[in-house]
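Working notes, structure below.
Numbering (our numbering), first residue to last: 1 to 469.
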């Protein structure tokens, strides 16, 4: 083809304003310039068919050339930042926090979690939508510039990860929450499932250095692509990783605690727990855990330290940040907090929160708690034993039942509460959560501090507001 004819085609495409255009020409000789005559332009087709060109020159990968025109030569140029978070507890809050950090830094962010699918902090669909399927839906939305996905055990078992790879992934912990279900007989079995998320990390894997099972997921990786997070000041693996110049994060759930990140002998950032609005002046200690993991992942996604600090200082100011997780429904005449604590470790954190939140103004602390009926008896009793921070506990059952009658789960929870002895909380047994709300309304008094722990937050929010307003 004569260079003049090539330039003519390029000029027409530039004039129209499109990257790919099909030009139909009639020419006596394409090797002769159109300026010499004998060449006529018939049409410019914005929806050019590729088949004739592919058949005419099968050795030329035309499709690859078009994609590279749009995306550049780098194989990752067409991808958006993707982060995956898994663990036994803390996934939802960590996912929300990381999505907020990216959004606050100017990205358009898609988020899928166990409370729903969000775009730029706006709830699109409520429900348990943690996993690869919802993440795939979000990736089809061209508006999204970054994706954060909570990945749960159930989703991995049913449909796999759903995403080929991610820029950064995090494994928060491996606890007993799903041991005894779906053929999972031990924490080691559960760790093998969650390791799928760890293996998907291309740039950075963030793991809990205090948990041997999560720490083991980083053993075969380049240490420079691993970040260790620890609450234990004496964690030897964390200190060795830091001495080697790799990324580490530390935190304390104490009210006066801090979240810090270090890399290559430098402190990248330090922020007090109380500076994060969602911590309720440091009372919600689990926010420190989420902040450490989300900040480390944010570094892996390219955010600067000042962007992360600014984002953390804004986290908790919007209702979407706390929906169903330490969500304050009412402040007067009684305070009602809607959240979810899955397992004895999470319930113990909830007990600590209740004590810290009422420290300045002591009052009666009430809890309405429920649990899935798929959990083993001993597990449910341990949940009850972890309610030591309350004065009155109302035990209930989920509306979704699989293995037990409505009275069985409350009875097992209550058995655990009663095992705390005469100095432990008073306990009441109810049936379904909807019935427990009515019982709670009978018991609550002005000035009480009431926490409702439920996975079905969307349903319970409406019932609580109707019964207690």
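Heads up, the beta-carbon is just placed ideally off N, CA and C, and yes, glycines get one too.
Annotation for residue 40: the continuous beta strand (DSSP E) segment containing it runs 39 to 45. In this structure the stretch 161 to 171 lies against the stretch 290 to 297, because at least three pairs of beta carbons, one per stretch, are closer than 8 Å.
Closest by C-alpha distance to residue 24, out of 87, 196, 35 and 12, is 12.
Under the DSSP assignment, residue 258 falls in the beta strand (DSSP E) whose first and last residues are 258 to 263.
Taking each of 101, 242 and 448 in turn and checking the Cα distance to residue 306, the smallest one comes out for 101. Distances from the CA of residue 424 to each of 183, 399 and 387 were compared; the closest alpha carbon is that of 387. Segment contact: the stretch 393 to 401 against the stretch 413 to 427, three or more CB-CB distances shorter than 8 Å; contact assigned.
Beta-bridge analysis with DSSP links residue 336 to 330 and 450. Pairing residue 331 with residue 374 gives a Cβ-Cβ distance that is not under 8 Å.
With respect to the 8 Å criterion, residue 223 and residue 241 are classified as neighbours on the basis of their beta carbons. A residue is called buried once 16 or more other Cβ atoms fall within 10 Å of its Cβ, and residue 58, having fewer, is exposed. Cβ neighbours of residue 159 within its own chain (closer than 8 Å, five residues either side excluded): 131, 132 and 133. For the set 289, 20 and 67, the Cα lying nearest the Cα of residue 79 is the one of 67. A direct Cα-Cα distance of roughly 28 Å separates residue 254 from residue 413.
Using a Cβ distance threshold of 8 Å, residue 354 and residue 365 count as a contacting pair. Taken in chain order, the whole beta strand (DSSP E) runs of length 3 or more contained in the stretch 362 to 414 are 365 to 369 and 392 to 397.
Residue state for residue 112 is assigned as strand, using DSSP reduced to three classes. Bridge partners of residue 24 according to DSSP: 43. Judged by beta-carbon spacing, residue 186 lies beyond the 8 Å limit of residue 350, meaning their Cβ atoms are not closer than that value. Within the DSSP secondary-structure output, residue 267 pairs in a beta bridge with 262. If you draw a straight line from the Cα of residue 432 to the Cα of residue 70, it is about 56 Å long.
Under DSSP, residue 122 shares a beta bridge with 119.
Here the C-alpha atom of residue 464 lies approximately 38 Å from the C-alpha atom of residue 163. Out of 324, 326 and 288, the CA that lies nearest to the CA of residue 313 is found in 288. Distances from the CA of residue 194 to each of 202, 177, 151 and 221 were compared; the closest alpha carbon is that of 151. Annotation for residue 463: the continuous alpha helix (DSSP H) segment containing it runs 457 to 468. Relative to the Cα of residue 41, the nearest Cα in the group 30, 449, 279 and 50 belongs to 30. In the DSSP assignment, residue 169 forms a beta bridge with 84 and 205.
Restricting attention to beta strand (DSSP E) runs no shorter than 3 residues, the stretch 212 to 264 encloses them at 226 to 230, 248 to 251 and 258 to 263, ordered along the chain. Setting aside the 5 residues that flank it on each side, residue 135 is surrounded in the same chain by 112, 149, 162 and 163, each with a C-beta closer than 6 Å to its C-beta; the list follows chain order. Around the beta carbon of residue 466, a 10 Å sphere encloses fewer than 16 other beta carbons of the protein chains shown; the residue is thus reported as exposed. In this model, residue 83 and residue 14 are separated by some 37 Å (Cα to Cα).
A direct Cα-Cα distance of roughly 12 Å separates residue 380 from residue 178. By alpha-carbon distance to residue 47, the top candidate from 324, 22, 462 and 199 is 22. By the neighbour-count criterion, in which a residue is buried when 16 or more other Cβ atoms sit within 10 angstroms of its Cβ, residue 200 is buried. Scanning the stretch 268 to 308 from its first residue to its last, the whole alpha helix (DSSP H) runs of 4-plus residues come out as 286 to 300.
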